Amino acid sequence: MAADAYVSPFHFTRQFSRGTGESPVALKRRVLLERAAWELSTGESVTEVAFAAGYDSVEGFSRAFSRAFGHPPSATTRDRRRRWLSAGNGIHFHPPMSLWVENAPKGKTGMDPTTLLVHHDIEDTRELLSAASKLSEEQYRRVRIPDFTVETFRGTEESIATVLEHLIESKEVWLAAIDGEDLPGAQSGAIDDLVRRHDRVTARWLDTIREIDQRGGWDDTLIDALCDPPESFVLGSVIAHVLSYSAHRRHLVRYWLHTEYPGTAIELGAGDPIDWLRKRN
């Protein structure tokens, strides 16, 4: 491809990455994983799909697939929402052998407020998790405000550990309700586990929001049978609810991190979407 463009591989890669937000290798790897998800959903074997995607072993493919989609290849369903991975350039695999370019790629400048807030929330949470990983266990789990609650039905959120866990758990719980799955069970809340959970839930969260938006389903009503008694929620209000409480939790964690490491104030910033978008662009 570089030769066809009459440039060196180095300059081709640099220009390609600047224009798409992904290196050629990263984009190819992601699109091949999306193709693999479609092939698995049609009933092809994991072994055949792994080698067709360019992996040297089924184990290597399974690890890469699980990291990307949050579940092993064997758990792939026919749900088309689960076959696209997050991509700011909007380029995706489209069966049987094509590419799909979204009309309004997510993550670009000029994004609508909902899209901006969704992506900012995800990336800011990841930055806070990274900063929290540098804390000692005592700092991480220390009670900051006794008996403090953000949402009364979720219990107390007295430490950096519990606030970060509820920040991620909120998306896991609502996705379970939307997809008709069981609620996630109790987990350790260790920082490494939270990072893995955040990475897993991100793709599902973005896929779900994209699917709702593309079919104009913001006014759809979810009847959540997991609630006791069952309750109904408008989907648009669910996303707004998660984003509102997520912003509160992120600012709380950011403040507590600043008290532990005053020097991180500049590095972490204020959590402002304006600053985030400027840096991103």
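Position 59, counted from 1, in the sequence shown is what our numbering calls 64; the numbers after and before it change by one each time, with no gaps.
Glycine included, each C-beta is placed from N, C-alpha and C at the ideal position.
Remember, it's a predicted structure, so these values are computed and weren't measured experimentally.
In the three-state DSSP reduction, Ile228 falls in the strand class (E or B). The DSSP-derived three-state label of Phe98 is strand. Boundaries of the beta strand (DSSP E) around Leu104: Ser103 to Val106.
Boundaries of the alpha helix (DSSP H) harbouring Phe21: Pro14 to Thr25, taken from the DSSP string. The C-alpha of Ser91 is placed about 22 Å away from the C-alpha of Asp277. Between Leu188 and Val178, the C-beta spacing is below 8 Å.
Ser46 is not bridged by DSSP to any residue.
Look at Val239 here: in three-state DSSP terms it is strand. Thr130 places its beta carbon less than 8 Å from that of Leu172.
Between Val123 and Tyr250 the beta-carbon gap is near 14 Å, outside 8 Å, which marks them as no contact.
In this structure, DSSP gives Asp280 a helical state, which the three-state scheme calls helix.
Per the coordinates, the alpha-carbon of Arg259 lies some 15 Å from the alpha-carbon of His125. For Phe153 against Glu143, the beta-carbon gap comes to about 18 Å, at or over 8 Å, which does not count as contact. Counted as a single uninterrupted DSSP element, the stretch harbouring Glu162 is not any alpha helix (DSSP H), since DSSP gives it neither H nor E.
Comparing C-alpha distances from Gly59 to each of Arg40, Ser28, His76 and Met6 shows the shortest one belongs to Arg40.
Of the candidates Gly190, Ile196, Thr25 and Leu180, Ile196 places its Cα closest to the Cα of Thr167.
Proximity of the segment 202-210 to the segment 59-78 meets the contact definition, three or more beta-carbon pairs being nearer than 8 Å.
Distance from Leu134 to Leu199 at the Cβ level is roughly 6 Å; contact confirmed, criterion being Cβ atoms closer than 8 Å. Excluding residues up to 5 positions away in sequence, Val36, Glu39 and Arg40 lie with their Cβ nearer than 6 Å to the Cβ of Phe98 in the same chain. For Pro234 and Arg255, the gap between their C-alpha atoms comes out near 30 Å. For the 8 Å CB-CB criterion, Ser164 and Arg146 form a contact.
Around the CB of Val54, 16 or more other CB atoms lie within 10 Å, so the residue is classed as buried. Between Leu240 and Trp223 the beta-carbon gap is near 6 Å, inside 8 Å, which marks them as a contact. Counting of Cβ neighbours within 10 angstroms places Phe66 among the buried residues, the total reaching 16 or more.
From the listed residues Phe15, His263 and Ile183, the smallest Cα separation to Asp225 is found for Ile183. Counting every other CB atom within 10 Å of its CB across the protein chains shown gives Asp212 a total of 16 or more, marking it as buried. Boundaries of the alpha helix (DSSP H) around Leu134: Pro118 to Ala137.
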